[in-house]
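The structure appears below as structure tokens.
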Amino acid sequence: MIASIALCVGLGLFLLGAVLFRRRRNSSSGQARSALSGASRKALETVALGLRAVAAGRQQGGRPLPDIHVVVHSGQRLTLRLAEADDDAPAPWTADISGKEWSVDTARLRRGGDGGDGPTHPYSLTVTLGLHRGERMLVDLSRLSGPIALTGDDNDVLLLAQALISEVVSGPVGTLATVVLVGSAATPSVTDGLGARSARLHTAATRGEALAVGESKLPGQRRGPSALETLHMGRDRGAANSGSHARRLFVVTAAQYRNERWGDTPLRGTDALLVLGYIPALEWNLQVKPDGSLLTGRLGVPVDTHAARLN
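Count along the sequence shown from 1, then add 1065; that gives the number in our numbering.
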């Protein structure tokens, strides 16, 4: 009898230890995937330098900023694919004959770059979706004109969301961006996989609390348009030319989106909204596939290895 009890207790302790070990291993694995590797940071530093050069050059020339559809980093070259043709590429960028692509040798950017003290740029929600044929594909989430659904297997969605959030708040491109995790998206299942904390990562219990983040005027920074002003102006793809370079990315679950009617929320033109889960009829949909690829729907950016599998 005593031996049977001892055996049951021992087996119970063994199973409990196995569960705790598995949870700890999964948590560590999530943090490793979402943390920026050295190669990723170097690539993102190059992207940041390139976007700063665009902003500085266009400002000096008195020209509006281009609407960038996708940023492609292929190692030795950095390419911007524009939404509309524009052949006035500022140095050191060069426009192709169509004016739809600007490119630059990354070595030229690094020779002339200062590593982070250059002019700020208004593309701070530009984030890596993944790789296509070995090239890093990045998009500016703030240029999308509505909520972005991230769908697929729950665990895959979680890992990709963590990778996107981590890159924004800890990478060199998103220095003027703020991420706000709202309600059920602010639970440990999301936050525990984000690695090191950042002053640019916030949590909020409700929609109203989330929208208040970043509304106060910062020294030397113009405040963006109010929610009412945005409602009248509409969200347009010229958000990159807004007077304020501050950007906000709100992250909500599909349940939170429905319960708090985020679809009716008038966001600023410089904001982006990422929804974790399926919402019918959303214009923008990123679908994580079991093979590690990402279907980007109307966005039309090919991704064969999504960002959560890069690190």
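Glycine included, C-beta positions come from ideal geometry on N, C-alpha and C.
Check the Cα spacing between VAL1245 and each of GLU1280, TRP1167, ASP1205: the tightest is with GLU1280. Secondary-structure assignment with DSSP links ASN1220 through no beta bridge to anything.
The residue from LEU1116, VAL1247, HIS1371, LEU1351 with its alpha-carbon nearest to that of SER1168 is LEU1116. A distance below 9 Å separates the beta carbons of LEU1339 and ILE1213. In this structure, VAL1247 sits near THR1268, with a CB-CB distance shorter than 9 Å. Residues of the same chain with a CB within less than 6 Å of the CB of ALA1148, apart from the 5 flanking positions on each side, are ASP1132, HIS1134 in chain order.
Look at ALA1277 here: in three-state DSSP terms it is helix. In the DSSP assignment, ARG1117 falls within the alpha helix (DSSP H) that extends over 1103-1125. When C-beta atoms of the segment 1149-1157 are compared with those of the segment 1122-1129, three or more pairs fall below 8 Å, so the two segments count as touching. Looking at the backbone, the Cα of ARG1363 and that of THR1252 are separated by about 30 Å. The shortest C-alpha to C-alpha distance from TYR1343 to any of THR1111, ARG1333, ALA1337, TYR1322 is the one to TYR1322. Just so you know, the alpha carbons of ALA1275 and ARG1265 end up roughly 13 Å apart. Setting aside the 5 residues that flank it on each side, ALA1156 is surrounded in the same chain by GLY1122, each with a C-beta closer than 7 Å to its C-beta; the list follows chain order.
Here ASN1220 is exposed, its C-beta having fewer than 16 other C-beta atoms within 10 Å. Of the other Cβ atoms in all chains shown, fewer than 16 fall within 10 Å of the Cβ of THR1271; this residue is therefore exposed. The continuous stretches of alpha helix (DSSP H) do not include ALA1154, and DSSP gives it neither H nor E. Taking the CA atoms as reference points, LEU1114 sits about 12 Å from PRO1187. Here ALA1337 is buried. Its C-beta has 16 or more other C-beta atoms within 10 Å. The criterion of a C-beta distance shorter than 9 Å is not satisfied by LEU1196 and THR1318. When DSSP reads this structure, GLN1352 sits in a beta bridge with THR1216, LEU1360.
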